[in-house]
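Start counting the sequence shown at 1; every next residue gets the next number (full-length UniProt numbering). Don't be surprised by glycine CBs; every beta carbon is placed ideally from N, CA and C. These figures come from a predicted structure and were not determined experimentally. Reviewing the structure listed below.
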Amino acid sequence: MLSYFQAMLCVHLLKFSMRVKTIALLQSFLQLNSCKKQCLCDWISGLPDEILVSILDKLDSKTAVGTSLLSRRWRHLRSFIESFYFSEVVLPDNHCWVRLGPMRDYFNTHRDHHFVESLQWFTRLKRDTPLRRLSLVFSGSAEYSDVVNSAIASAAQHGISEVDMAIVVRMEYEFPWWLFSGYRSSPLTSLCLSHCKLSVPLDFGGFGSLTKLALVQMYMSLKEVQVLLRFCTNLVSLHLIGMFDIRILRLPKLKELILLMTPSWGKFKVDTPDLQRLEYCGEMLPTSTFQSIPCLEHVSLQFTDDIYPEYDADKLEDISTCLTHVKSLCLRYQIPKLVKPRTPATFLNLKVLTLNIATKHSDDLLWMFMFLIAAPYLATLRTTVRYLSYLEPHNGVIWDNVDFQHVNLKNVEMYNFMGRDNEIGLARLLLCRAPNLRCLSFNQARLEEGDDHQLVPPTWPMAETFSPRDIQFVLSKLLESVSFSARVVFI
Numbered sequence: 001m002l003s004y005f006q007a008m009l010c011v012h013l014l015k016f017s018m019r020v021k022t023i024a025l026l027q028s029f030l031q032l033n034s035c036k037k038q039c040l041c042d043w044i045s046g047l048p049d050e051i052l053v054s055i056l057d058k059l060d061s062k063t064a065v066g067t068s069l070l071s072r073r074w075r076h077l078r079s080f081i082e083s084f085y086f087s088e089v090v091l092p093d094n095h096c097w098v099r100l101g102p103m104r105d106y107f108n109t110h111r112d113h114h115f116v117e118s119l120q121w122f123t124r125l126k127r128d129t130p131l132r133r134l135s136l137v138f139s140g141s142a143e144y145s146d147v148v149n150s151a152i153a154s155a156a157q158h159g160i161s162e163v164d165m166a167i168v169v170r171m172e173y174e175f176p177w178w179l180f181s182g183y184r185s186s187p188l189t190s191l192c193l194s195h196c197k198l199s200v201p202l203d204f205g206g207f208g209s210l211t212k213l214a215l216v217q218m219y220m221s222l223k224e225v226q227v228l229l230r231f232c233t234n235l236v237s238l239h240l241i242g243m244f245d246i247r248i249l250r251l252p253k254l255k256e257l258i259l260l261m262t263p264s265w266g267k268f269k270v271d272t273p274d275l276q277r278l279e280y281c282g283e284m285l286p287t288s289t290f291q292s293i294p295c296l297e298h299v300s301l302q303f304t305d306d307i308y309p310e311y312d313a314d315k316l317e318d319i320s321t322c323l324t325h326v327k328s329l330c331l332r333y334q335i336p337k338l339v340k341p342r343t344p345a346t347f348l349n350l351k352v353l354t355l356n357i358a359t360k361h362s363d364d365l366l367w368m369f370m371f372l373i374a375a376p377y378l379a380t381l382r383t384t385v386r387y388l389s390y391l392e393p394h395n396g397v398i399w400d401n402v403d404f405q406h407v408n409l410k411n412v413e414m415y416n417f418m419g420r421d422n423e424i425g426l427a428r429l430l431l432c433r434a435p436n437l438r439c440l441s442f443n444q445a446r447l448e449e450g451d452d453h454q455l456v457p458p459t460w461p462m463a464e465t466f467s468p469r470d471i472q473f474v475l476s477k478l479l480e481s482v483s484f485s486a487r488v489v490f491i
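Quick look at the structure:
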């Protein structure tokens with residue numbers, strides 16, 4: 001345990017070197033080393049408060065309770081920590097809110113038995129400063145609901161501003177909204193809830209200060225969601241993931257909207273005139289949806305309905321005419337069947353384009369160049385291709401190669417790069433048709449764009465690094481009858 005804190009200390013000494021004199025800190029460290037034998041359990045008591053608080057802020061609840069016994073100073077500094085995270089289940093590092101659904105088998109084998117003890121300690125903790133963030137992950141069982149609600153009540157009394165909660169077993173747990181009912185000017189600005197219930201009364205006003213709201217597969221009716229949004233008049237960011245039947249959104253101050261896995265059959269209206277960032281995953285949206293969002297600059301789209309193969313091509317062309325002001329665009333879709341694409345309308349302001357495509361191993365990728373033709377001022381292109389073996393043999397895109405030079409493209413990043421012939425063929429085409437290209441980078445890791453990590457399966461393999469043999473093979477293919485001045489980078 002002692003060597004762990006020494007390592008943590010060295011890291012944080014570097015981070016605070018601009019604010020604290022290095023010589024004084026080193027002298028303090030040497031003095032502590034000399035007195036460790038005299039008081040082994042309290043050797044860190046002489047460190048500056050800001051370093052101790054920073055270390056404590058990064059510990060999990062189980063370790064935090066244990067370390068409070070190491071030093072009298074640490075027990076005192078606990079009242080200055082701004083963020084706390086408590087979990088009844090030990091989650092993997094790549095967990096995400098979308099996957100935090102009922103998972104009884106995993107919970108039974110990865111349960112943290114210090115959960116109740118940690119929450120009771122947190123509830124008794126006396127504070128002189130307000131809390132910033134409280135994150136809770138638990139089973140939703142009635143056995144632990146009281147201790148969880150007591151912790152939330154304590155946080156509300158100390159002016160909590162951000163609350164995150166995810167239920168992993170029983171969705172019947174209801175978030176205790178009544179704990180905030182007595183605060184007409186509540187400091188709560190961010191509320192993120194996953195797999196639980198929330199039903200506020202018609203006269204509730206405790207969420208009037210919220211600027212961010214995230215609802216992930218909540219156990220709520222359409223009316224309950226509408227009532228909740230009615231009170232959130234100051235929302236700037238709204239995340240709705242797996243929430244059904246939401247068809248009308250009227251939020252005048254909203255700047256960020258994330259709609260993932262949200263079926264909405266029929267007309268969908270978004271009345272958010274100040275919206276700047278939109279991420280959507282679901283059925284194809286009507287063209288009229290975008291006409292009331294004139295300030296959109298960053299858009300990410302993934303359409304899930306591929307019943308008719310030519311439907312995507314037609315609608316993408318229609319939607320492109322409504323996204324004339326977009327500066328950053330991410331398109332994620334699966335090539336369903338044999339499709340002859342049409343060149344979308346021109347994106348005169350598009351600077352960054354991300355193409356996240358699922359196709360077969362043998363499919364040609366040269367058709368991606370049609371998006372460069374549609375974006376003459378594009379500066380950065382990012383591509384990531386997933387190869388799905390279960391797609392039908394005739395999948396793919398018919399693309400008539402066009403003799404077009406893209407003079408503004410400066411940077412190309414190819415993710416999930418396997419060195420396949422179709423990937424190298426696309427890279428060669430870009431080198432030939434982008435004379436001012438400065439950098440072409442290959443990365444075997446997957447691309448995380450915005451909230452893409454929420455949709456990535458937990459079994460996705462870790463990326464490997466390029467071996468010298470791999471680099472030599474790719475370069476030999478690229479250099480074959482092609483001359484270019486761009487820098488080639490392997491990550």
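Whole-Å CB distance - residue i paired with residue j, under 8 Å assumed
{"i": "LEU430", "j": "VAL412", "result": "6 Å"}
{"i": "MET220", "j": "LEU198", "result": "6 Å"}
{"i": "PHE372", "j": "ARG332", "result": "It is worth fixing the name first, because residue 372 is Leu in this sequence and not Phe. Not quite, the Cβ-Cβ distance comes to about 18 Å (not below 8 Å), so this is no contact."}
Through-space distance from residue j to residue i, alpha-carbon basis
{"i": "GLY419", "j": "ASP164", "result": "41 Å"}
{"i": "MET370", "j": "PHE442", "result": "21 Å"}
{"i": "VAL482", "j": "LEU437", "result": "14 Å"}
{"i": "residue 492", "j": "LEU238", "result": "The requested residue 492 does not occur in the structure, where the chain is confined to residues 1 to 491."}
{"i": "CYS192", "j": "VAL236", "result": "14 Å"}
{"i": "LEU440", "j": "LEU378", "result": "15 Å"}
{"i": "ARG170", "j": "ASP128", "result": "35 Å"}
{"i": "PHE268", "j": "ARG247", "result": "5 Å"}
{"i": "MET218", "j": "CYS432", "result": "50 Å"}
{"i": "GLU82", "j": "GLN226", "result": "32 Å"}
{"i": "LEU388", "j": "ILE357", "result": "10 Å"}
{"i": "PHE484", "j": "ARG382", "result": "19 Å"}
{"i": "SER320", "j": "LEU475", "result": "36 Å"}
{"i": "ASN143", "j": "THR189", "result": "With the sequence shown as reference, residue 143 is identified as Glu, and Asn is not the correct amino acid for it. Straight-line Cα distance between these residues: approximately 29 Å."}
{"i": "MET414", "j": "ASP400", "result": "22 Å"}
{"i": "ASP363", "j": "PHE303", "result": "20 Å"}
{"i": "ILE241", "j": "ALA374", "result": "31 Å"}
{"i": "PHE180", "j": "GLU224", "result": "17 Å"}
{"i": "LEU426", "j": "TRP367", "result": "9 Å"}
{"i": "THR22", "j": "PHE404", "result": "Below a pLDDT of 50, predicted positions are generally treated as unreliable, and THR22, at 39, falls in that range; the measurement from the model is reported next regardless. One C-alpha to the other measures close to 57 Å."}
{"i": "PRO187", "j": "MET261", "result": "31 Å"}
{"i": "LEU222", "j": "ASP470", "result": "53 Å"}
{"i": "HIS453", "j": "LEU213", "result": "Residue placement at HIS453 is poorly supported in this model, since its pLDDT is 38, which falls under 50; the coordinates still yield a value, given next. Cα-Cα distance, rounded: 19 Å."}
{"i": "PRO376", "j": "LEU323", "result": "15 Å"}
{"i": "ILE491", "j": "GLU283", "result": "35 Å"}
{"i": "HIS361", "j": "THR289", "result": "35 Å"}
{"i": "ALA153", "j": "TRP121", "result": "14 Å"}
{"i": "residue 501", "j": "PHE175", "result": "The shown model of the chain, from 1 to 491, leaves out residue 501, and the question about it has no answer."}
Contact set for residue i: own chain, Cβ-Cβ below 6 Å, skip 5 residues either direction
{"i": "SER328", "result": "HIS298 and VAL352"}
{"i": "ILE167", "result": "GLY140, TYR173, HIS195 and CYS196"}
{"i": "ARG277", "result": "GLU256 and HIS298"}
{"i": "LEU69", "result": "Bear in mind that the predicted position of LEU69 carries a pLDDT of just 44, short of 50, making it unreliable; the figure below should be weighed with that in mind. There are no such residues."}
{"i": "TRP177", "result": "VAL200"}
{"i": "THR380", "result": "VAL352 and ASN411"}
{"i": "TYR85", "result": "SER135"}
{"i": "GLN334", "result": "ALA358"}
Cβ pair residue i, residue j closer than 7 Å
{"i": "CYS232", "j": "LEU215", "result": "no"}
{"i": "VAL89", "j": "LEU119", "result": "no"}
{"i": "SER150", "j": "THR123", "result": "yes"}
{"i": "TYR280", "j": "LEU296", "result": "no"}
{"i": "THR384", "j": "LEU447", "result": "yes"}
{"i": "residue 495", "j": "LEU365", "result": "In the structure as shown, the chain begins at 1 and stops at 491. Residue 495 is therefore absent and cannot be evaluated."}
{"i": "THR359", "j": "CYS330", "result": "no"}
{"i": "VAL326", "j": "LEU350", "result": "yes"}
Own chain, CB closer than 7 Å to residue i, minus 5 neighbours either side, in chain order
{"i": "ARG250", "result": "ASP271"}
{"i": "PHE473", "result": "GLY419"}
{"i": "ALA434", "result": "HIS406 and LEU409"}
{"i": "SER145", "result": "TYR173"}
{"i": "ARG428", "result": "LEU478 and VAL482"}
{"i": "LEU228", "result": "LEU198 and VAL200"}
{"i": "VAL116", "result": "TYR144 and VAL147"}
{"i": "ALA486", "result": "LEU431, LEU437, ARG438, CYS439 and LEU440"}
heavy atom of the ligand MN below 6 Å from residue i C-beta
{"i": "ALA214", "result": "Annotation note on the ligand MN: not contained in the displayed structure, which lists no ligands."}
Other residues of its chain near residue i: CB distance less than 8 Å, five sequence neighbours each side excluded
{"i": "ILE293", "result": "VAL270, THR272, PRO273, LEU275 and LEU278"}
{"i": "ASN234", "result": "GLY208, SER209, LEU210, THR211 and LYS253"}
{"i": "PRO468", "result": "none"}
### Task
Report yes or no: do three or more beta-carbon pairs, one from the segment 129 to 139 and one from the segment 151 to 164, lie closer than 8 Å?
yes
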